[in-house]
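Line by line, the protein sequences are chains A and B.
Heads up, the first sequence is in my numbering, so the first residue is 68 and it goes up one at a time.
Heads up, the second sequence is in my numbering, so the first residue is 68 and it goes up one at a time.
Even glycine gets a Cβ: it sits at the ideal position worked out from N, Cα and C.
There are 2 protein chains.
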Amino acid sequence: MTEERAPASQTLSRGIRILEVLADAREPLTIDEIARRLDVHRSVAYRLLRTLEDHGLIARDANGHIALGARMAALAAGVAHDLQAEALPELTDVANELGMTCFLSVLDHDECVTLASVEPRHAVASVAQRPGTRHPVTRGAPGKAILSLVPGASWPSGADAHLRDEVTDAATRGWFESHDEVIPSLRAVAVPLAIRGRGAAAIAVVYLASPHAPAEIAARLARSAGVIRAALGG
Amino acid sequence: MTEERAPASQTLSRGIRILEVLADAREPLTIDEIARRLDVHRSVAYRLLRTLEDHGLIARDANGHIALGARMAALAAGVAHDLQAEALPELTDVANELGMTCFLSVLDHDECVTLASVEPRHAVASVAQRPGTRHPVTRGAPGKAILSLVPGASWPSGADAHLRDEVTDAATRGWFESHDEVIPSLRAVAVPLAIRGRGAAAIAVVYLASPHAPAEIAARLARSAGVIRAALGG
DNA sequence: ATGCGTGTGTTCTATATTCGAACACATTGT
DNA sequence: ACAATGTGTTCGAATATAGAACACACGCAT
Numbered sequence: 068m069t070e071e072r073a074p075a076s077q078t079l080s081r082g083i084r085i086l087e088v089l090a091d092a093r094e095p096l097t098i099d100e101i102a103r104r105l106d107v108h109r110s111v112a113y114r115l116l117r118t119l120e121d122h123g124l125i126a127r128d129a130n131g132h133i134a135l136g137a138r139m140a141a142l143a144a145g146v147a148h149d150l151q152a153e154a155l156p157e158l159t160d161v162a163n164e165l166g167m168t169c170f171l172s173v174l175d176h177d178e179c180v181t182l183a184s185v186e187p188r189h190a191v192a193s194v195a196q197r198p199g200t201r202h203p204v205t206r207g208a209p210g211k212a213i214l215s216l217v218p219g220a221s222w223p224s225g226a227d228a229h230l231r232d233e234v235t236d237a238a239t240r241g242w243f244e245s246h247d248e249v250i251p252s253l254r255a256v257a258v259p260l261a262i263r264g265r266g267a268a269a270i271a272v273v274y275l276a277s278p279h280a281p282a283e284i285a286a287r288l289a290r291s292a293g294v295i296r297a298a299l300g301g
Numbered sequence: 068m069t070e071e072r073a074p075a076s077q078t079l080s081r082g083i084r085i086l087e088v089l090a091d092a093r094e095p096l097t098i099d100e101i102a103r104r105l106d107v108h109r110s111v112a113y114r115l116l117r118t119l120e121d122h123g124l125i126a127r128d129a130n131g132h133i134a135l136g137a138r139m140a141a142l143a144a145g146v147a148h149d150l151q152a153e154a155l156p157e158l159t160d161v162a163n164e165l166g167m168t169c170f171l172s173v174l175d176h177d178e179c180v181t182l183a184s185v186e187p188r189h190a191v192a193s194v195a196q197r198p199g200t201r202h203p204v205t206r207g208a209p210g211k212a213i214l215s216l217v218p219g220a221s222w223p224s225g226a227d228a229h230l231r232d233e234v235t236d237a238a239t240r241g242w243f244e245s246h247d248e249v250i251p252s253l254r255a256v257a258v259p260l261a262i263r264g265r266g267a268a269a270i271a272v273v274y275l276a277s278p279h280a281p282a283e284i285a286a287r288l289a290r291s292a293g294v295i296r297a298a299l300g301g
């Protein structure tokens, strides 16, 4: 059944799993605890940790406990670097004009990952879409906007017929909205952002209440999406 | 001389170097090019890349070329997670009250890394300190603020006597300023942010010109620093 | 103090894992 | 048609790694 033909590197895979474990854990961990969670011998974890430390990806606090290092953030700055660079000014403009948190999301397998976000002056809440947050792409306006760019055949398994109809319907008008889907009582409006040769993306805003009509918001987002796409030759 | 007794993991180190190479390269690379830059056999790079791909840390564009994947951003969100969470609302307040970009930096070996930044409404420029940017800690106001928290013995090699005097002088008044140090014609004001058991950090603002006196700005920053430190039990 | 539990760092050998060459194939441009 | 470039796969040899075992430091209870 499971056509397991993946000749993966054991050592590298374990090293990455350490990073994943540390990102999940909200607190610094000991070597023993990390080895336990990876289900490897402690001396293995030790060598891997030493290597990660050499590269600055992890750091030890005063107690010797281990957490992700600041250089992880520096590495992540290279993700879709040009897209972020072009999108950020636009996100800022939209956030300030509409008074809403505005953010950029991209597709990552079956999840919707926020790459950058900008808060306006009177942010309703600190529920701000922090960069790096992710949730299933089948939920929320940005997710649906992204799905509208993806060939139906390669949709994730969580997509039912109802979702397909909803997405294809909204795709014709060019924008998407959601309510209570990712964060309770929060609304979102999103437009897809397709760039040549790059994965699907979307820009969106979230808000509690707004003087603007959703269609009006969508029009503003679409304008910025056009600017970004033009800048990247998409 | 160099007591090289670092039993590091070759495989993991090479895998990480791939990520570093991809972060540096502003464009997607081929497997051959990556293997060339790592100076390893292509089949080695291939297996490592396959593993990185399994974990979502890299992705291929339409041409099959390779770039950092969105999940890198998700991983990086775990860096100093609690610090970021506590600092972000404060950064936002400061940015909006002073009308300047406000950001959080931490120490990473001999570099100053920006973890989070917030732009105000009327941002003078999109020179916004993007999260992940880094520069030598010996330059700029945030760097000096961070250095003031570091025992002199463990200062980086780039620190001369002049810098030491400057930092110790400013440390007594509690805040730091710089001009033309990191970005030409830009000024910055920073205050140190020491948190129990965690690495040195600082919050700062950058601006071109300001109606506020530097001391006034510093006082506002210090207030937020106090709030953050209190929240984290530092 | 003594013992106990936990955590870190180091050394060592068998072997599983990785290395690197070679092959097959697709694509692109000359 | 041919070379040039890139990708994916196989395979034996060699080496980097896995995991056990040891030495040590620290905190905490008995």
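B:D175 has B:E178 as its beta-bridge partners, per DSSP. Judged by DSSP in its simplified three-state form, B:P203 adopts strand. Using a Cβ-Cβ cut-off of 9 Å, B:D149 is close to R93 and E94 of chain A, given in chain order. A check of alpha carbon separations from B:I270 across B:C179, B:L142, B:G131 and B:P203 identifies B:C179 as the nearest. Taking a C-beta cut-off of 7 Å against chain A, the contacting residues of the stretch 201-213 of chain B are R201, listed in chain order. Runs of the alpha helix (DSSP H) lying entirely within the stretch 127-151 of chain B, each at least 4 residues long, are 138-143 in chain order. The stretch 228-238 of chain A makes no contact with the stretch 135-144 of chain A: fewer than 3 CB pairs, one atom from each, lie closer than 8 Å. Interface residue (Cβ-Cβ distance to chain A less than 8 Å): B:E186 is classified as such. By DSSP's assignment, A:A269 forms a beta bridge with A:S172 and A:P259.
Around B:I83, the beta-carbon contacts reaching into chain A at under 8 Å are G82, T118, L119, H122 and L124.
Residue environment for B:G219: exposed (fewer than 16 other C-beta atoms within 10 angstroms of its C-beta). Counting along the chain, B:S110 sits inside the alpha helix (DSSP H) bounded by residues R109 to D121.
What B:H176 touches in chain A, judged by beta-carbon distance under 7 Å, is G123, going in chain order. Under the Cβ distance rule, B:R104 does not count among the residues neighbouring chain A, no pair being separated by less than 8 Å. Close to B:P198, with beta-carbon spacing below 7 Å, are these residues of chain A in chain order: A140, A144 and P198.
Between B:V204 and B:W242, the alpha-carbon positions lie close to 16 Å from each other.
Judged by DSSP in its simplified three-state form, A:H279 adopts coil rather than helix or strand. For A:A226, the CB contacts under 8 Å within the same chain, skipping 5 residues up- and downstream, are T205 and L214 in chain order.
For A:S245, there is no enclosing alpha helix (DSSP H); the enclosing beta strand (DSSP E) has its first and last residue at F243 to H246. Residue burial annotation: A:D175 is buried, with at least 16 other C-beta atoms found within 10 angstroms of its C-beta. Fewer than three Cβ pairs drawn from the stretch 109-127 of chain A and the stretch 104-118 of chain B lie within less than 8 Å of each other, which leaves the two stretches out of contact. Residue pairing by DSSP places A:S291 opposite no residue, since no beta bridge is assigned to it.
Proximity of A:R265 to chain B, defined by a Cβ-Cβ separation below 8 Å, is satisfied. Restricting attention to A:R104, A:E100, A:A147 and A:A152, the CA atom closest to the CA of A:G131 is found in A:E100.
Between the beta-carbon of A:A134 and that of A:P95 there is about 4 Å, and that keeps the pair under the 8 Å contact cut. Using a 10 angstroms sphere on the CB of B:S221, the tally of other CB atoms stays under 16, which defines it as exposed.
Closer than 8 Å to the CB of A:E153 there is not a single CB belonging to chain B. Judged by DSSP in its simplified three-state form, B:S184 adopts strand. In chain order, G264, R265 and G266 make up the part of chain A whose C-beta sits under 8 Å from the C-beta of B:D128.
Per the Cβ contact rule, the stretch 260-276 of chain B is in contact with the stretch 158-174 of chain B (3 or more Cβ pairs under 8 Å). Pairing A:G199 with A:T181 gives a Cβ-Cβ distance under 8 Å. Contact note: A:G136 reaches chain B through V146 and D175, using a C-beta cutoff of 8 Å and chain order. Of all residues in the stretch 237-259 of chain B, none places a beta-carbon less than 9 Å from a beta-carbon of chain A.
Nearest in C-alpha terms to B:R287, of all of B:G166, B:E248 and B:G82, is B:G166. For B:E100, the closest Cβ of chain A is not nearer than 8 Å. Contact check for A:A285 against A:V258 passes: the beta carbons are separated by less than 8 Å.
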